[in-house]
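Enquirer: One structure is given below, represented as C-alpha cells, and several questions about it will come after.
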Amino acid sequence: MEASSSTALYPQRRCKNIYLVRHAQGIHNVEGDKDHSAYKSPALVDAHITPLGWSQVDCLREHVTKCGLAKKIELVVVSPLMRTLQTAVGVFGGGNCTDGESASPLLMVKGAGHSGRQAISSLDCPPFLAVEACRERLGVHPCDKRSSVTKYRTLFPAIDFSLIENDEDVLWEPNVREAIDVVAARGMKFLDWLWTREENEIAIVTHSSFLDFTLNMYSKECHPTIGEDMRKRFANCELRSMVLVDRSKLGSDTPTCDFPGKIPAGLDLPSDVADKKQIEEASNGNRGAVGCLEHTHMSSPTGLIST
137 MEASSSTALY
147 PQRRCKNIYL
157 VRHAQGIHNV
167 EGDKDHSAYK
177 SPALVDAHIT
187 PLGWSQVDCL
197 REHVTKCGLA
207 KKIELVVVSP
217 LMRTLQTAVG
227 VFGGGNCTDG
237 ESASPLLMVK
247 GAGHSGRQAI
257 SSLDCPPFLA
267 VEACRERLGV
277 HPCDKRSSVT
287 KYRTLFPAID
297 FSLIENDEDV
307 LWEPNVREAI
317 DVVAARGMKF
327 LDWLWTREEN
337 EIAIVTHSSF
347 LDFTLNMYSK
357 ECHPTIGEDM
367 RKRFANCELR
377 SMVLVDRSKL
387 GSDTPTCDFP
397 GKIPAGLDLP
407 SDVADKKQIE
417 EASNGNRGAV
427 GCLEHTHMSS
437 PTGLIST
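Here my numbering runs 136 ahead of the position in the sequence shown, where the first position is 1.
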C-alpha cells in the first residue's frame, strides 16, 4: 500500500531560518498612492521613510524584542537603498544614542536620510551586510535608484558595504524596467547565495516587488493554500518567517547537533534487517525491492517553507 502524509521531514542541518522584512513606509509610497505617475518623479530618488514609517519601525522593533527574535538573529542582510537601510538599523540595531553617548562605529548617524532621529548604536546587535542582489525591481522609478556607497558609509558607518562593487549605481537605468522573470531569477539566486552563509538565523530587509516575484516562484512548489499565503503582498514593515532548505548540498555537510551514535561501538543489527537477511537467504539470494524517494527536478537548489 502506498503511504502518504500531510507532513514532511527535513534534516535540520539542511535548513536555515530566515526572516523577510519589507521596508517601512517611504515617501514614494505616499506620493505614489496619490498619483502613480509620482513613482517617476526625480524628487523621490532613493526614497527615505516617512515619520509614520519610523513609527512602524518602532512597532516592529518592539515586536522582535518581545518575542525574542532580536536575540536570535545572527546576520542582517539589507538592500542598499535608504529606506531599507533605515528600516534595518531601526528594527535590528542597538538602540538610540543620546548626544552624550558614543558608540563607535554607529549603525546610523543622527538625522540620516531626513529621519530626524537620534543616532543608532551598533552595540549588542548582529552584523549588517548590504547586498545588491535583494534590491527592488530596477529601472525607470527614481525611488529605486540608490545613492553612492561613499554617502551610505558616512550615514551608516557600521554597515558592511564591501560586497558592492561600484560606488555609484550602475544597475539602475532610467528607460529600462527590469523584467519580472529577471527579478524572480535574481531573488532565487540570492536565496541560493544566502544558503552558503554560515549563519542559521538571518533577517533580510528588502522590498515589495522583489519579495512578491521571488516568493511567487517558490509558491508553485507548495500546496495551493500555502502558495496563496506566500503570494500575499507584504505590507510596509511586515515580517514573515520562512525556512530555507538545501536540496542539493550547497552548504556544509557538517551537522551541529547530530550525534553519530555507536560510541562505544557494539553490535546493533536491527530486527527488521535480520528478518530481511533471513528471507533473502531462504529465497536463494533473491533481493527484495527497496523503495526510494522519487527525485523531483526543481528550478532552484534551495526551497522555502512558510512558518
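Note that beta-carbon positions come from the ideal geometry of N, C-alpha and C, so glycine has one too.
(1) Return the chain-ordered list of same chain residues with a C-beta closer than 6 angstroms to the C-beta of H159, the five sequence neighbours on each side being excluded.
(2) Starting from the N-terminal side, write out each stretch of the beta strand (DSSP E) that is 3 residues or longer and does not extend beyond the stretch 237 to 277.
(3) As a quick exercise: from C151, I295 and L211, pick the residue whose alpha carbon is nearest that of P262.
(4) Quick check on E374: does DSSP put it in helix, strand or coil?
(5) Do Q192 and Q161 have their C-beta atoms closer together than 8 angstroms?
(6) Answer yes or no: do S258 and A206 have a C-beta to C-beta separation smaller than 8 angstroms?
(7) Looking at the unbroken beta strand (DSSP E) that takes in Y155, where does it start and where does it end?
(8) Determine, using beta-carbon pairs with one atom in the stretch 339 to 358 and one in the stretch 314 to 321, whether at least three such pairs fall under 8 angstroms.
(9) Taking the continuous beta strand (DSSP E) assigned at E337, which residues delimit it?
(10) According to DSSP, is G363 helix, strand or coil?
(11) At the level of alpha carbons, what is the spacing between K246 and C233?
(12) Between the beta-carbon of V341 and the beta-carbon of A266, is there less than 8 angstroms?
(13) Mind checking whether F292 and L243 have CB atoms under 8 angstroms apart?
(14) Looking only at its own chain, which residues have a Cβ that is under 7 angstroms from the Cβ of I316, when we skip the five neighbours before and after it?
(15) Over the uninterrupted alpha helix (DSSP H) stretch that includes L211, give me the two end residues.
(16) Can you tell me which of the three DSSP states L217 falls into?
(17) Figure out for me which residue from L380, L347 and D394 has the closest Cα to the Cα of A371.
(18) So, are the CB atoms of I185 and A339 less than 8 angstroms apart?
(19) Here's the rule I'm using: 16 or more other beta-carbon atoms within 10 Å means buried, otherwise exposed. How should F228 be labelled?
(20) On the three-state DSSP scale, how would you describe G230?
(21) If you count every other CB in all the chains shown that lies within 10 Å of the CB of C195, and 16 or more means buried, which is it?
(22) Quick one: what's got a C-beta closer than 6 angstroms to G231's C-beta in the same chain, skipping five residues either side?
(23) Roughly how many angstroms separate the alpha carbons of D303 and E167, rounded to a whole number?
(24) Can you give me the C-alpha to C-alpha distance between K368 and P400, rounded to a whole angstrom?
(25) State the Cα-Cα distance for the pair D280 and G249, rounded to the nearest angstrom.
(26) If you follow the alpha helix (DSSP H) that V181 is in, where does it begin and where does it stop?
(27) Between E374 and D169, what straight-line distance do the alpha-carbon atoms span, to the nearest angstrom?
(28) With distances taken Cα to Cα, identify the nearest neighbour of R253 among G226, R383 and G275.
(29) Tell me which residue opens and which closes the alpha helix (DSSP H) that P187 is part of.
(30) By the three-class DSSP mapping on this structure, what secondary structure does D408 have?
(31) I need the DSSP call for L440, collapsed to helix, strand or coil.
(32) With DSSP run on the structure shown, which of helix, strand or coil describes V312?
(33) By Cβ distance, which residues of its chain are closer than 7 angstroms to H277, with the 5 residues on each side in sequence left out?
Expert: According to the data block:
(1) R219, T220 and T223
(2) Segments of the beta strand (DSSP E) lying fully in the stretch 237 to 277: 264 to 266.
(3) L211
(4) coil
(5) yes
(6) No; because the gap between Cβ atoms is not below 8 angstroms, this pair is not in contact.
(7) Where Y155 is concerned, the enclosing beta strand (DSSP E) stretches over C151 to R158.
(8) yes
(9) E337 to T342
(10) helix
(11) About 9 angstroms.
(12) no
(13) yes
(14) F349
(15) Counting along the chain, L211 falls outside any alpha helix (DSSP H), though it belongs to the beta strand (DSSP E) covering L211 to V214.
(16) DSSP places L217 outside both helix and strand once states are collapsed to three, so it counts as coil.
(17) The alpha carbon of A371 has as its nearest neighbour, out of L380, L347 and D394, the alpha carbon of L347.
(18) no
(19) A residue is called buried once 16 or more other Cβ atoms fall within 10 Å of its Cβ, and F228 is buried on that count.
(20) The DSSP-derived three-state label of G230 is coil.
(21) exposed
(22) S257
(23) 28 angstroms
(24) Within the model, the alpha-carbon separation for K368 versus P400 is close to 52 angstroms.
(25) 15 angstroms
(26) No alpha helix (DSSP H) holds V181; DSSP gives it neither H nor E.
(27) 18 angstroms
(28) G226
(29) P187 to K202
(30) helix
(31) strand
(32) coil
(33) Y175 and K176
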